[in-house]
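In terms of my numbering, the sequence shown has 117 at position 117, counting the first letter as 1, and numbering is strictly consecutive.
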Amino acid sequence: MSTISVPAHAISIADDVEQLRKAFSGWGTNEGLIISILAHRNSQQRKQIYETYASTYNEDLLKSLDKELSNDFERIVHLWTLGPSERDAYLASEATKRWTKSNQVLVEIVCTRSAHDLLLAKQAYHACYKKSIEEDVAYHTTGDFRKLLLPLVGTYRYEGSEVNMTLAKTEAKLLHEKICDKCYNDDDLIRILATRSKVQINATLNQYKNQFGKDINKDLKEDPKDEYLALLRATIKCLTYPEKYFEKVLRLAINKTGTDEGALTRVVATRAEVDMKTIKEEFQRRNSVSLDKAIAKDTGGDYEDMLLALVGCGDA
């Protein structure tokens, strides 16, 4: 997004590092200066800042930030400063260790990232936590949740554009049969969602709607309070329409009594450089209000400023 990154020739990493150091020194912290630098640098530039800060001052920038900042502002700056794969590893580790059945963060990561980005996140997980993400998912989850999540985490999907229409028709019928029989944890149902390419799944689900007249997620709302079914619906939405999934997460985070800052922070930090423009368009279409206005109404201070800068509405 153009509001985030400044052309490489227009910035000096050494200057950025020096300015960040100034923001921490003396009395109080200059949060505005931190936002003006970090919120307007892309992931490559932030990586260079992180490395140069370490080599210049022999300190970890993230630790310096965490020491100086607090609460939701600290979290958004921390998540944003991490590289995309390190951030995904960090969020996945949190999600497994604080596992609850309504936790959709793991599905979010494994179903909306490309095969390559998921592989990088898994490598970062190895480096950070000295074990595999599969190991932690297997250890911290049980039953149907484990049965669904393990193959999703372990997959390396084909990313080409080829679609097998015969297979799409056959598997649409198979999915419908399993759902009609309420076999929501069926091996074949999970296999299709966990291994097929996203374009193939899209074709299959289009066939499902064409053949049976209903969106698959409508058929999976048999029991709206069933947390496994909710995870299954989230899986399908993340694989097929990530922008609709993230719009809903933001809508629920902002529109309920008391803001869910955790969800708001996570979505903005992980999608700002990916598909925030599409998510914003979907949010406007769905809520008849712009995302920046909704965020400004619900948040305040440095946290609000950082969020608005990242969604592309702050002063660039």
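Note that CB positions come from ideal geometry on N, CA and C, so glycine has one too.
None of the values given here were measured: they were computed from a predicted structure.
| Item | Value |
| --- | --- |
| First and last residue of the uninterrupted alpha helix (DSSP H) at valine 199 | 198-212 |
| When Asp260, Val153, Arg233, His126 are compared against alanine 194, the one with the closest alpha-carbon | Val153 |
| Enclosing alpha helix (DSSP H) for tryptophan 99 [first to last residue] | No alpha helix (DSSP H) contains tryptophan 99, which DSSP labels as neither H nor E. |
| Simplified DSSP assignment, three categories, for alanine 14 | helix |
| Nearest-angstrom Cβ-Cβ length linking alanine 95 and alanine 121, presumed shorter than 8 angstroms | Their Cβ separation, rounded to whole angstroms, is 12 angstroms, which puts alanine 95 and alanine 121 out of contact at 8 angstroms. |
| Exposure of histidine 116, with buried meaning 16 or more beta-carbon neighbours within 10 Å | exposed |
| CB of aspartate 302 within 8 angstroms of CB of isoleucine 35, strictly | yes |
| Residue closest to tyrosine 158, alpha-carbon to alpha-carbon, out of Lys178, Ile192, Lys182, Leu148 | Ile192 |
| Best match in Asp188, Asp292, Ser161 for proximity to leucine 174 [C-alpha to C-alpha] | Asp188 |
| For lysine 178 and alanine 296, the rounded distance between their alpha carbons | 45 angstroms |
| Inter-residue spacing [alpha-carbon to alpha-carbon] between threonine 270 and asparagine 58 | 28 angstroms |
| Cβ-Cβ distance between leucine 69 and threonine 29 below 8 angstroms | yes |
| Test item: CB-CB of histidine 40 and alanine 272 under 8 angstroms | no |
| Cβ pair leucine 205, isoleucine 216 closer than 8 angstroms | yes |
| Aspartate 317, buried or exposed, once every other Cβ within 10 Å from all chains shown has been counted against 16 | In the structure as shown, the chain begins at 1 and stops at 316. Residue 317 is therefore absent and cannot be evaluated. |
| Under 8 angstroms between C-beta atoms of leucine 307 and isoleucine 76 | yes |
| Beta carbon of threonine 155 nearer than 8 angstroms to that of proline 242 | no |
| Exposure of glutamate 247, with buried meaning 16 or more beta-carbon neighbours within 10 Å | buried |
| For isoleucine 254, the nearest candidate out of Ser197, Thr299, Asp144 (CA to CA) | Thr299 |
| Whether glutamine 200 touches alanine 172 by CB criterion (8 angstroms) | no |
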